[in-house]
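Numbering (the numbering used here), first residue to last: -4 to 321.
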């Protein structure tokens, strides 16, 4: 049986969700999937529009007065930018546990819809325009509880109500290892990667060491650290697809939780960086201590100056050497 699901795609621009087009996903019972996308004419007319997928969906090749249906390149089942917004292995297990369905028992469109407000990047997907925008979620959950919930999902166990935070924090992130989005007491948002019972060594410490080495070779990496939860380490990587700024002010990082909540009420926004350019466009306050050459620009609607790293030949060479050695 073949079924088509039509989703509205929204982009996070200037701190607001803006409808930018319609995605149609057709999925067959044998697992075959195809998709099409059509930009909204109103979105193409915006001065601050962004390329959702620079490879498959460059808006400059689309008429500003009339949109057209587009297909993924190379007969791919789904556009790359939309696939990046879909959870990988562990995120899928979180969604399946939340909805009480079998392993891989959902359509790809369902995984896309249920990835939640903490998904990677700056896109959102809804069934219709009447669906509310993702509300601000209190993501100041206890890291130990998230770790426990992730372990239960990884082991195929039920998750008690008191640990249900994992359903919002862990559904939208990529990768196979258990992880969740976590905001610390200073209001900083991190990806927390948890240990598993099958680990043969301290994976968190090894990952920290590897990325620290990458930073020393000039590779641009986010802020990193490990924290102890019980007798094991959890790896934390600051999210490079988020930063907080006053709508008409400088970048802001409140010193404690109370200030963070007050900032939400004062309309401090948390702009989202589109996934494929996330490590090339970040505010100066969030850059790694190893700062590469930069060029400056301003985000639409924000007075925040963004430092855009320039990928020099030595840095590219260092990245290649590190990847080869690892």
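The C-beta atom is built at its ideal place from N, Cα and C for all residues, glycine as well.
Between residue 195 and residue 230, the C-beta spacing is not below 8 Å. A distance below 7 Å between beta-carbons, with the five flanking residues on each side excluded, links residue 154 to the following residues of its chain, in chain order: 92, 144, 147, 148 and 161.
Here residue 115 is near residue 167, since their CB atoms are less than 8 Å apart. A straight-line Cα-Cα distance of about 29 Å links residue 123 and residue 234. A straight-line Cα-Cα distance of about 39 Å links residue 211 and residue 4. The beta-carbon distance between residue 87 and residue 106, rounded to whole angstroms, is 6 Å. This is short enough to meet the 8 Å contact definition. Inter-residue distance for residue 26 and residue 180 is about 44 Å (C-alpha atoms, whole angstroms).
Less than 8 Å divides the Cβ of residue 21 from the Cβ of residue -1. Taking 8 Å as the upper bound for CB-CB distance, residue 67 and residue 74 are in contact here, some 5 Å apart. A buried status is given to residue 103, since no fewer than 16 other beta-carbon atoms sit within 10 Å of its beta-carbon. For residue 141, the closest of 28, 112 and 178 by C-alpha to C-alpha distance is 178. The beta-bridge partner set that DSSP reports for residue 177 consists of 185. Taking a contact as a CB-CB distance under 8 Å, the pair residue 38 and residue 16 counts as one, their CB atoms being some 6 Å apart.
Contact between residue 47 and residue 98 fails: their C-beta atoms lie close to 30 Å from each other, not under 8 Å. Boundaries of the alpha helix (DSSP H) harbouring residue 164: 161 to 164, taken from the DSSP string. Per DSSP, the unbroken alpha helix (DSSP H) holding residue 146 starts and ends at 138 to 149.
For residue 220, the uninterrupted beta strand (DSSP E) segment begins and ends at 219 to 224.
Where residue 13 is concerned, there is no enclosing alpha helix (DSSP H), although the beta strand (DSSP E) around it starts and stops at 11 to 22. By the neighbour-count criterion, in which 16 or more other beta carbons inside 10 Å mark a residue as buried, residue 94 falls on the exposed side.
By a beta-carbon distance limit of 8 Å, residue 14 contacts residue 35. Their separation comes to about 6 Å.
Counting other Cβ atoms within 10 Å of its Cβ, residue 152 stays below 16 and is therefore classed as exposed.
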